[in-house]
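Q: Taken in sequence, the protein lines are chains A and B.
Here the UniProt record's numbering is used: the first residue of the first sequence is 1, the next is one more, and so on.
Here the UniProt record's numbering is used: the first residue of the second sequence is 1, the next is one more, and so on.
Number of protein chains: 2
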Amino acid sequence: MGAVTPADRAPKQDRSRATRQRLLEAAVCCLAEHGWAGSTVSAVAERAGVSRGAAQHHFPTREDLFTAAVEYVAEQRSQALRELPVQGRAAVVHALVDLYTGPFFRAALQLWVAASNEPQLHARVTELEARVGRETHRIAVELLAADEQRPGVRETVQGLLDMARGLGLANLLTDDTARRERVVGEWALIIERTLE
Amino acid sequence: MGAVTPADRAPKQDRSRATRQRLLEAAVCCLAEHGWAGSTVSAVAERAGVSRGAAQHHFPTREDLFTAAVEYVAEQRSQALRELPVQGRAAVVHALVDLYTGPFFRAALQLWVAASNEPQLHARVTELEARVGRETHRIAVELLAADEQRPGVRETVQGLLDMARGLGLANLLTDDTARRERVVGEWALIIERTLE
Chain A
1 MGAVTPADRA PKQDRSRATR QRLLEAAVCC LAEHGWAGST VSAVAERAGV
51 SRGAAQHHFP TREDLFTAAV EYVAEQRSQA LRELPVQGRA AVVHALVDLY
101 TGPFFRAALQ LWVAASNEPQ LHARVTELEA RVGRETHRIA VELLAADEQR
151 PGVRETVQGL LDMARGLGLA NLLTDDTARR ERVVGEWALI IERTLE
Chain B
1 MGAVTPADRA PKQDRSRATR QRLLEAAVCC LAEHGWAGST VSAVAERAGV
51 SRGAAQHHFP TREDLFTAAV EYVAEQRSQA LRELPVQGRA AVVHALVDLY
101 TGPFFRAALQ LWVAASNEPQ LHARVTELEA RVGRETHRIA VELLAADEQR
151 PGVRETVQGL LDMARGLGLA NLLTDDTARR ERVVGEWALI IERTLE
């Protein structure tokens, strides 16, 4: 065998990145479906079709894996949100609420709630929540073309994101789509009037 | 020993009711602090200073105990809310949000999230959530003197309760009081303008 050349290394890095991504996606699904108590590195490795050793190479601890997974999906969602074609404030309100009603929110919620009882998760998830929260707020302000120099505008946008989070929670046990559509339709009008 | 007279029976019923109440209160604290995974009938019985046998006499299963506990506190909170002196809509908005930031909301959240992964809890908690949600909505409409005949008013009140739930979630890992006060201050004004 000859020396490892940069050309050999590149596909290896690609494979490693692909494995990491499969693990992160499997971790989010696992958390959303089974909660923190049912989410282990082994279960995720099996779901991703990766050996337990390889999973532990990427993520030494259970906490590493699941916080990285929630962060990964949060970044993907932020990216998707940033690329939204701007179609007016009402459409932005709907898109923001949609962030909180899929499997990602379910996974994040499981992690948040577990962190409230598990000291080894608490600091990491608190820091992650703050980071994701700031980023979502920043994107919301931009998409809504909200002028935060005006008194009350910052709090209006924050309250909207709190409402979106509450709507996500209301969708946890039952399909709340029909009610949510009516609520969001009305609140989109209120937000439009308030930010005018 | 003579026959059991009604006079003997009354204190026995009182004791039984007091035991039941101690168990329910201990169950809420246990759920709020340790989550569903850390909440067992034994742990609650010990906390309440009641024998495991007596606890099981009142609540045959773990599901019975914890759903009854969340329902009990929900009823207490509804009662307290109904007895609020009416001081205008802004004060009502603050009082509604307060419902979602204490140990009761923490306990309910743990139960809701556990129910999303535990089939034996799902149907009971879904039914409980619907009942508590309808009651809270009814009280909110009354306290806000909201005229649900007017288009959009029902959805405005629902969205406010969704926001309150989201604010509760934001208070789970850190003390969010300062930010929440600013958000609620602003949204109380928006609600006042919208319901005028």
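Even glycine gets a Cβ: it sits at the ideal position worked out from N, Cα and C.
Less than 8 Å between the beta carbons of B:W36 and B:Q120, yes or no?
A: By one-based count along the second sequence, residue 36 of chain B stands at place 36. By one-based count along the second sequence, residue 120 of chain B stands at place 120. Not closer than 8 Å, so no.
Q: I need the straight-line Cα distance from B:S42 to A:R138, nearest angstrom please.
A: Against the second sequence, residue 42 of chain B aligns to sequence position 42. Against the first sequence, residue 138 of chain A aligns to sequence position 138. Each residue's alpha carbon lies about 47 Å from the other.
Q: My assumption, with CB atoms under 8 Å, is that residue 258 of chain B sits in contact with B:L65. Please give the rounded CB distance.
A: One cannot answer for residue 258 of chain B here, as it falls past the ends of chain B, which runs 1 to 196.
Q: Name the residue from B:F104, B:A18 and B:L169 whose alpha carbon lies nearest to the alpha carbon of B:A48.
A: By 1-based counting over the second sequence, the position of residue 48 of chain B is 48. With distances taken between Cα atoms, B:A48 lies closest to B:A18.
Q: Assuming B:V125 contacts B:W112 under a Cβ cut-off of 8 Å, what Cβ separation, rounded to an integer in Å, is found between them?
A: Locating residue 125 of chain B in the second sequence gives position 125, where the first residue counts as 1. Locating residue 112 of chain B in the second sequence gives position 112, where the first residue counts as 1. Right, their Cβ atoms sit about 6 Å apart.
Q: Any chance you could list the alpha helix (DSSP H) runs of at least 4 consecutive residues sitting entirely within the stretch 47-75 of chain B, in chain order?
A: Counting whole runs of 4 or more residues, the stretch 47-75 of chain B contains the alpha helix (DSSP H) stretches 52-58.
Q: Buried or exposed, going by whether 16 or more other CB atoms sit within 10 Å of the CB of A:E186?
A: In the first sequence, counting from the first residue as 1, residue 186 of chain A sits at position 186. Buried, because 16 or more other Cβ atoms sit within 10 Å of the Cβ of A:E186.
Q: Pairing CB atoms from the stretch 91-104 of chain A with CB atoms from the stretch 165-182 of chain A, are three or more of them under 8 Å?
A: Flag = yes, the stretch 91-104 of chain A and the stretch 165-182 of chain A touch.
Q: I believe B:Q13 touches A:V183 by the beta-carbon criterion, under 8 Å. Please report the beta-carbon distance rounded to the nearest angstrom.
A: If you number the second sequence from 1, residue 13 of chain B lands on position 13. If you number the first sequence from 1, residue 183 of chain A lands on position 183. Actually they are not in contact, since the Cβ atoms of B:Q13 and A:V183 sit about 44 Å apart, beyond 8 Å.
Q: Please report whether the beta-carbon of B:Q149 lies at a distance below 8 Å from any beta-carbon of chain A.
A: Mapped onto the second sequence, residue 149 of chain B falls at position 149. Closer than 8 Å: no.
Q: Considering Cα atoms alone, identify which of B:R150, B:T136 and B:R62 is closest to B:A164.
A: The sequence position of residue 164 of chain B within the second sequence is 164, counting from 1. Among B:R150, B:T136 and B:R62, the Cα nearest to that of B:A164 belongs to B:T136.
Q: Alpha carbons only, please: which of B:L173, B:A95 and B:C30 is nearest the one belonging to A:A130?
A: The residue you call residue 130 of chain A lines up with position 130 of the first sequence. Nearest C-alpha to A:A130: B:L173.
Q: Is it right to say B:S116 is buried, meaning 16 or more other beta carbons lie within 10 angstroms of its own, or is it exposed?
A: Reading the second sequence from its first residue, position 116 is the one you call residue 116 of chain B. Buried: at least 16 other Cβ atoms inside 10 Å.
Q: Roughly how many angstroms lie between the CA atoms of B:R154 and B:E148, to the nearest whole one?
A: Residue mapping note: residue 154 of chain B aligns to position 154 of the second sequence, counting from 1. Residue mapping note: residue 148 of chain B aligns to position 148 of the second sequence, counting from 1. In a straight line, the C-alpha of B:R154 is about 5 Å away from that of B:E148.
Q: Give the residues of chain A in contact with B:T156, contact being defined as C-beta atoms less than 9 Å apart.
A: As a working note, residue 156 of chain B is residue 156 in the second sequence. Within chain A, the residues near B:T156 are V183, E186, W187 and I190.
Q: May I have the straight-line CA-CA distance separating A:M1 from A:D175, to the nearest angstrom?
A: Locating residue 1 of chain A in the first sequence gives position 1, where the first residue counts as 1. Locating residue 175 of chain A in the first sequence gives position 175, where the first residue counts as 1. Residue placement at A:M1 cannot be trusted, given a pLDDT of 46 that sits under 50; what the coordinates show is reported in the next sentence. Distance between the alpha carbons of A:M1 and A:D175 is about 58 Å.
Q: Please report how far the alpha carbon of B:L128 lies from the alpha carbon of B:S78, in whole angstroms.
A: Numbered from 1 along the second sequence, position 128 holds the residue referred to as residue 128 of chain B. Numbered from 1 along the second sequence, position 78 holds the residue referred to as residue 78 of chain B. Near 14 Å, if we compare the C-alpha coordinates of B:S78 and B:L128.
Q: Roughly how many angstroms separate the alpha carbons of B:R15 and B:R22, rounded to a whole number?
A: Taking the second sequence and counting its residues from 1, the one referred to as residue 15 of chain B is at position 15. Taking the second sequence and counting its residues from 1, the one referred to as residue 22 of chain B is at position 22. Answer to the nearest angstrom: the Cα atoms are 10 Å apart.
Q: Measuring CA to CA, which of B:V93, B:E181, B:T177 and B:F104 is closest to B:V141?
A: Translated into the one-based positions of the second sequence, residue 141 of chain B becomes position 141. Selected option, being the one with the closest Cα: B:V93.
Q: Just mark B:L144 as buried or exposed, buried being the case when its beta carbon has 16 or more other beta carbons within 10 Å.
A: In the second sequence, residue 144 of chain B corresponds to position 144, counting from 1. Buried, since its Cβ has 16 or more Cβ neighbours within 10 Å.
Q: Roughly how many angstroms lie between the CA atoms of residue 285 of chain B and B:L24, to the nearest whole one?
A: There is no way to answer for residue 285 of chain B, as the model of chain B reaches only from 1 to 196.
Q: Return the chain-ordered list of same chain residues with a C-beta closer than 6 Å to the C-beta of A:A188, the five sequence neighbours on each side being excluded.
A: To locate residue 188 of chain A, count along the first sequence from 1; it is residue 188. If we look at A:A188 and ignore the five residues flanking it on each side, its Cβ neighbours are A90 and V93.
Q: Establish whether the CB of B:S42 and some CB of chain A are separated by less than 8 Å.
A: Along the second sequence, read from residue 1 onward, the residue named residue 42 of chain B stands at position 42. Taking Cβ atoms only, chain A never reaches closer than 8 Å to B:S42, which makes this a no.
Q: Scan the stretch 158-181 of chain A for residues whose Cβ lies nearer than 9 Å to a Cβ of chain B and list them as they occur along the chain.
A: The residues in question are Q158, G159, L160, L161, D162, M163, A164, R165, G166, L167, G168, L169, A170, L172, L173, T174, R179 and R180.
Q: Using 10 angstroms around the beta-carbon of A:V86, count the other beta-carbons present and answer buried if the total reaches 16, otherwise exposed.
A: Counting from 1 along the first sequence, the entry for residue 86 of chain A is found at position 86. With fewer than 16 other Cβ atoms within 10 Å, it is exposed.
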